[in-house]
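What follows is one structure encoded as structure tokens, with my remarks underneath.
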Amino acid sequence: MAHKIAVLPGDGIGPEITEQAVRVLGALGLDLELHTEPVGGAAYDVHGHPLPASTLNLAKESAAILFGAVGDWKYDSLARELRPEQAILGLRKALGLFANLRPAILYPQLANASSLKPEVVSGLDILIVRELTGDIYFGQPRGVREVADGPFKGERQGFDTMHYAESEVRRIAHVAFQAAQKRSKKLCSVDKANVLETSQFWRDTVIEVAREYPDVALSHMYVDNAAMQLVRAPKEFDVVVTGNLFGDILSDEAAMLTGSIGMLPSASLNASNQGLYEPSHGSAPDIAGKNIANPLATILSAAMLLRYSLNEAGRADKIEEAVQAVLQQGLRTADIFEPGTTRVSTSEMGDAVLKALK
Ligand code: NAI
Ligand code: MG
């Protein structure tokens, strides 16, 4: 039976980069049924909403979603719920995409792109597993109120609530342990258990889940230390699992170790391995429509789609090898160009990956 895939190109460079990833998916001899719908600003322009029912329904019916990017300054004056970025939050919520997988890989061919010393980052290949639908970002109550008593009595106070239910911690822990089993069997759980009750509970729960994965070596680290170790000795990590807030910050930090935003894919999965796959970068309106954006993060996201939602690890490997091959040939889009390499356009990079796949 054909696998149904939703293609949501979105705004800015979204259409240009997804086009290349779609070409790659189409070249693998798989039985795929691809359907395209607008999302973000592009959907607002047509349907008056960044995530219209037609787009959401397609996403729900699909085994996986290939997502470009959303957002443009021209929507800045819209009410918050109509802004392009709301489409991603809506999709995460509607599909229960609680597990965000963000690999940070420094390809040997791009060793100079990192701001860290080569000996610290060369060969870097880590995976951050971030919980995506809980934590202080969604905890109730939240708001602004007048303080009734204590030292700040009578003042206005902004507040949020941090909490994690046992089932929420368990399910993200399972995802992380299983990812670790497929890699070097090392998992580091990051929290702030010295200060936060939520974090102590997180740690205790992860330790319980660890009994089911005796082959994985579990360690724990406080988030402030993890932020330091990521720049001091990032290769000490393999798989990192953490909550929504800490994961937001650490995954961006890890991404920057590689120095090349155009190269980093991501996956957001639910309990049935349905997933949304998108590059870690945004819609880059500054370079949209010029055929100069780097499509590799989106092509690598398509590889994650095959790996995690379609169980096609072999074909995912092939895409990743093809990306390495084009880098080895010295082909570079503008964002990763350096003297001595060959500058190519978005579509030429897509051509090269297709050729390397053959
Ligand atoms: P951005 O990631 O779009 O761009 C940052 C810088 O990186 C820009 O100079 C851009 O030209 C460059 N860049 C990004 N992707 C590139 C690629 N594939 N190839 C070459 N260069 C690339 O972040 P920014 O500028 O903060 O946000 C622009 C818009 O994207 C905003 O509307 C923002 O809300 C949205 N955004 C959307 C995301 C999503 O769809 N998941 C994630 C992050 C931002
Ligand atoms: Mg972030």
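For the sequence shown, this note's numbering begins at 17 and goes up steadily by one. For each residue, glycine too, the CB sits at the ideal point set by N, CA and C. Note that the structure is a prediction, hence the values are computed from the model and not measured.
Could you spell out the range, first to last residue, of the alpha helix (DSSP H) harbouring residue i?
i    : result
Y180 : Counting along the chain, Y180 falls outside any alpha helix (DSSP H), and DSSP gives it neither H nor E.
G62  : The displayed chain sequence assigns Val, not Gly, to residue 62. It spans G57 to H63 - the alpha helix (DSSP H) in which V62 sits, taken as one unbroken run.
K306 : Element bounds for K306: n/a, residue is neither H nor E.
M2   : Lying outside 17 to 374, the shown extent of the chain, residue 2 is not represented and no answer is given.
P134 : P134 to V137
I33  : G30 to G42
Q216 : E213 to A226
G330 : A329 to Q344
L72  : A69 to E77
L370 : T362 to L373
A318 : L312 to Y324
What number of angstroms, rounded off, separates the C-alpha of residue i from the C-alpha of residue j?
i    : j    : result
G275 : S267 : 13 Å
F114 : L261 : 13 Å
K208 : V239 : 6 Å
F154 : T177 : 8 Å
L140 : E337 : 16 Å
A309 : I352 : 10 Å
A75  : G87  : 19 Å
G389 : F175 : Nothing can be reported for residue 389: it is not among the residues displayed for the chain, which extend from 17 to 374.
A129 : G170 : 52 Å
N327 : L107 : 22 Å
Y180 : T258 : 12 Å
P295 : V163 : 43 Å
A59  : I303 : 20 Å
A127 : A270 : 15 Å
V232 : V145 : 15 Å
T214 : A283 : 25 Å
S299 : L280 : 14 Å
E224 : L122 : 33 Å
P124 : C204 : 25 Å
P355 : M272 : 21 Å
L143 : H236 : 16 Å
A79  : Y293 : 11 Å
E101 : Q197 : 34 Å
A103 : A350 : 29 Å
Q245 : G263 : 15 Å
K357 : A341 : What sits at residue 357 in the sequence shown is Thr, not Lys. For T357 and A341, the distance between alpha carbons rounds to 14 Å.
K201 : R187 : 18 Å
D333 : M17  : 22 Å
R248 : L41  : 37 Å
L234 : K306 : 46 Å
V160 : D47  : 52 Å
Per DSSP, which one or two residues make a beta bridge with residue i?
i    : result
T258 : R146 and V206
K20  : E49
D141 : I121
Q173 : R161
M244 : According to DSSP, M244 bridges with nothing at all.
A115 : E147 and L285
L266 : L266 is not bridged to any residue.
R99  : None; R99 has no bridge partner.
Along the chain, where does the beta strand (DSSP E) that runs through residue i open and close?
i    : result
T52  : L48 to T52
I104 : Here I104 belongs to no beta strand (DSSP E); instead the alpha helix (DSSP H) covers Q102 to L111.
G84  : A80 to A85
G291 : G291 to P295
A233 : A233 to Y238
Return the Cβ separation of residue i and residue j in integer angstroms, given the expectation that the two are a contact with Cβ distance under 8 Å.
i    : j    : result
P25  : G84  : 4 Å
V136 : P250 : 7 Å
G28  : P301 : 5 Å
A22  : I81  : 4 Å
V185 : V222 : 7 Å
Q290 : L50  : Not quite, the Cβ-Cβ distance comes to about 16 Å (not below 8 Å), so this is no contact.
A37  : A329 : That belief does not hold up - the Cβ atoms of A37 and A329 are roughly 18 Å apart, past 8 Å.
- Query: Does the segment 343–352 touch the segment 55–68, meaning 3 or more C-beta pairs lie closer than 8 Å?
  - Reply: The segment 55–68 vs the segment 343–352: no contact.
- Item | Touching by the beta-carbon criterion (3+ pairs, under 8 Å), the segment 146–160 and the segment 313–328 | No contact exists between the segment 146–160 and the segment 313–328.
- May I ask you to verify whether the segment 48–59 touches the segment 115–131, counting CB pairs closer than 8 Å and requiring at least 3? no
- Does the segment 188–198 come close enough to the segment 219–233 to have 3 or more Cβ pairs within less than 8 Å? yes
- Query: Does the segment 302–317 come close enough to the segment 362–374 that 3 or more CB-CB pairs lie under 8 Å?
  - Reply: yes
- Using 8 Å as the Cβ pair cut-off and three pairs as the minimum, do the segment 29–38 and the segment 354–368 touch? yes
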